[in-house]
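**Q** Quick note on numbering that gives the first Met the number 0: the sequence shown kicks off at 0 and runs consecutively.
For glycine and all other residues, C-beta sits at the position ideal for the given N, C-alpha and C.
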Amino acid sequence: MTIEEWQVALRRENARESDFTVEHLDKNRIWGDYLVCSTTGRYRVAFRGVQSDRNFCSCLDFRTNGLGTCKHLEAVSLFLEEHVPGYPWAGLSYAAEYSSIYVSYKGGRSIRLRVGDAYRAEYERLKEKYFSPEGILPESNYHLLEQICEEALAISSSFRCYEDVQEFAEECAQLSQWKTELSSAYPEKAIPWDKKQINPAYSEVEHLLYDLCLNGFGFIVGLKHPFYMHLLARLVEEVYQGEVERNKGYIIVGNETDVLLWQSILLQYSEYIHLPVQVVSQQTFLKQPIQQGAKATFVYVNDADCLKEWKNPVSLAIKRLEIKHLYMHVETLQHFTPVQLSSILQHINPFIIGPFYKFIHTYRPMFPLRERQDFLPPEMQPFTFFVTQVLLTALVLPSGDAPSSAPLPVEEMLTPETRVTKFLSLLGEILDDPKSTEILRERIARGAGLR
Numbered sequence: 000m001t002i003e004e005w006q007v008a009l010r011r012e013n014a015r016e017s018d019f020t021v022e023h024l025d026k027n028r029i030w031g032d033y034l035v036c037s038t039t040g041r042y043r044v045a046f047r048g049v050q051s052d053r054n055f056c057s058c059l060d061f062r063t064n065g066l067g068t069c070k071h072l073e074a075v076s077l078f079l080e081e082h083v084p085g086y087p088w089a090g091l092s093y094a095a096e097y098s099s100i101y102v103s104y105k106g107g108r109s110i111r112l113r114v115g116d117a118y119r120a121e122y123e124r125l126k127e128k129y130f131s132p133e134g135i136l137p138e139s140n141y142h143l144l145e146q147i148c149e150e151a152l153a154i155s156s157s158f159r160c161y162e163d164v165q166e167f168a169e170e171c172a173q174l175s176q177w178k179t180e181l182s183s184a185y186p187e188k189a190i191p192w193d194k195k196q197i198n199p200a201y202s203e204v205e206h207l208l209y210d211l212c213l214n215g216f217g218f219i220v221g222l223k224h225p226f227y228m229h230l231l232a233r234l235v236e237e238v239y240q241g242e243v244e245r246n247k248g249y250i251i252v253g254n255e256t257d258v259l260l261w262q263s264i265l266l267q268y269s270e271y272i273h274l275p276v277q278v279v280s281q282q283t284f285l286k287q288p289i290q291q292g293a294k295a296t297f298v299y300v301n302d303a304d305c306l307k308e309w310k311n312p313v314s315l316a317i318k319r320l321e322i323k324h325l326y327m328h329v330e331t332l333q334h335f336t337p338v339q340l341s342s343i344l345q346h347i348n349p350f351i352i353g354p355f356y357k358f359i360h361t362y363r364p365m366f367p368l369r370e371r372q373d374f375l376p377p378e379m380q381p382f383t384f385f386v387t388q389v390l391l392t393a394l395v396l397p398s399g400d401a402p403s404s405a406p407l408p409v410e411e412m413l414t415p416e417t418r419v420t421k422f423l424s425l426l427g428e429i430l431d432d433p434k435s436t437e438i439l440r441e442r443i444a445r446g447a448g449l450r
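1. In whole angstroms, what is the alpha-carbon distance linking I347 and L325?
2. Less than 6 Å between C-beta atoms, sequence neighbours within five positions excluded: which residues of the same chain meet that for I443?
3. Taking DSSP as the reference, what is the three-state secondary structure of A293?
4. Return helix, strand or coil for D32, following the three-state DSSP convention.
5. Give the range of the alpha helix (DSSP H) segment to which Q267 is assigned.
6. By DSSP's criteria, S99 is part of a beta bridge. Which residues make up the other side?
7. If you draw a straight line from the C-alpha of S435 to the C-alpha of I429, how long is it?
8. Tell me which same chain residues have a C-beta within less than 6 Å of the C-beta of Q262, skipping the five on either side of it?
9. Would you mind listing the beta strand (DSSP E) stretches within the segment 28-72 that are 3+ residues and don't spill past its ends, in chain order?
10. Under a three-way DSSP split, which group does T392 fall into?
11. Which whole-angstrom value is the C-beta distance of V204 and V329, which I expect to be below 8 Å?
12. Helix, strand or coil, according to DSSP, for V276 in the structure here?
13. Since Y299 sits in a beta bridge, which residues does DSSP pair it with?
14. Here's a check: name, in chain order, each residue in its chain whose Cβ is nearer than 6 Å to the Cβ of Q196, leaving out the five neighbours to either side.
15. Quick test of your reading: F55 and V35, contact by CB under 8 Å. State the CB separation rounded to the nearest angstrom.
16. Checking 8 Å against the spacing of the C-beta atoms, do I322 and V298 come in under that value?
17. Determine the direct distance from the alpha carbon of M228 to that of S76, and round the result to whole angstroms.
18. So the candidates are N246, L181, S103 and C212; which of them puts its Cα closest to the Cα of Y161?
19. Quick one: measure Cβ to Cβ for L79 and I29, integer angstroms, because I've assumed they're closer than 8 Å.
20. Do you know offhand how far A232's Cα is from W192's?
21. With distances taken from CA atoms, which of Q291, S99, G67 and M0 is nearest Q165?
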């Protein structure tokens with residue numbers, strides 16, 4: 000049994016053991032649309048045949064597992080097996096009159112054309128013009144999708160293009176446009192640190208900044224370095240520079256002391272000051288009134304280890320957001336299991352590393368991972384960045400370009416809570432240093448009139 004066959008069998012067994020109700024929504028005896036309901040949700044299923052690549056379910060598992068099925072589709076199959084003799088109906092096939100463009104999720108996402116019985120010759124010519132012989136639309140033709148649909152509708156008003164086709168094509172087109180615009184703006188594949196010209200002193204950092212921007216998201220690995228917060232400041236500026244729609248952003252750090260430290264660096268940068276980006280601790284982030292599907296242009300999670308737990312509160316809050324650019328940081332990869340790492344990475348995009356089960360099964364022997372690009376699973380190499388050695392090449396720490404009179408967030412920095420937090424943090428540093436501790440004792444004694 001292959002790993003895929005095993006996963007299909009698991010979903011079929013899950014469907015058999017679940018308390019699903021299946022409702023047939025049309026008059027077809029077998030093929031057609033169904034509603035599968037349980038106590039936790041309702042899912043629309045399009046059943047076109049056993050193991051057909053034209054099947055569809057509205058659940059996330061169907062769209063991401065690459066199997067072409069899910070427990071809801073298996074529930075429909077079991078329902079039909081019980082109520083319609085002849086399963087799997089080998090002598091019958093689904094044949095609709097209309098033609099349609101749909102997303103196939105089996106073996107990865109692809110846009111395909113199904114030619115129906117009506118106006119077959121005309122739609123075959125359309126297929127030959129834009130699609131591969133197998134009916135797959137090449138990614139280079141995604142930008143022509145609107146034109147293709149217009150031509151298809153001109154042949155017959157019964158033609159259908161499903162909603163997820165437009166969503167998938169738009170996702171790919173936006174990323175392609177982002178990369179094209181960035182490479183056109185910076186043909187040297189490096190972003191000037193001072194926003195004017197390439198600086199040899201920061202050459203490798205400028206190339207790193209470009210690479211971080213190129214995909215529009217990233218998984219950053221490296222030890223803490225004084226340069227790092229400056230790098231994030233410039234990354235935020237460059238990401239927002241490329242966006243027309245500027246929604247809210249979050250930089251999520253550990254605690255309120257970290258918030259003050261990050262703000263002290265970020266506010267040195269002139270463009271950052273005017274961006275709708277909020278530096279928050281994890282606890283403050285959890286208190287944000289975030290609605291499901293709320294848009295965020297930029298989110299950065301410092302020390303993203305917490306995201307390895309799928310039901311961690313920070314993880315759940317992030318998954319409520321529709322994030323355009325997500326960056327996550329961890330200090331090392333060596334302590335992660337395949338399950339933990341894949342849980343973190345899927346916050347970027349549920350399709351980013353392919354099917355969850357396949358990533359774990361394929362790459363388990365590689366763990367614990369070595370921190371070199373060529374020792375990573377190929378799926379994560381394009382968006383994983385090891386930054387420590389690059390930052391060490393910069394011999395001088397940068398300074399921001401904001402004037403020293405730049406306004407500080409007084410309302411946030413002068414609250415009683417942040418004052419106490421800052422005092423306790425500094426007190427801890429003093430008590431860790433014997434000389435500082437002695438000076439503190441002398442000052443306290445002098446203030447109390449004991450000396």
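**A** According to the structure data:
1. 6 Å
2. none
3. strand
4. strand
5. Where Q267 is concerned, there is no enclosing alpha helix (DSSP H), because DSSP gives it neither an H nor an E.
6. Paired residues: R113 and R159.
7. 5 Å
8. Closer than 6 Å at Cβ, skipping near neighbours: V278.
9. 31-36 and 41-46
10. coil
11. In fact, because the Cβ distance is near 20 Å, the residues do not count as touching under 8 Å.
12. strand
13. I250 and Y326, per the DSSP bridge assignment.
14. none
15. Wrong, their Cβ atoms sit about 12 Å apart, outside the cutoff.
16. yes
17. For S76 and M228, the distance between alpha carbons rounds to 54 Å.
18. S103
19. 6 Å
20. 11 Å
21. S99
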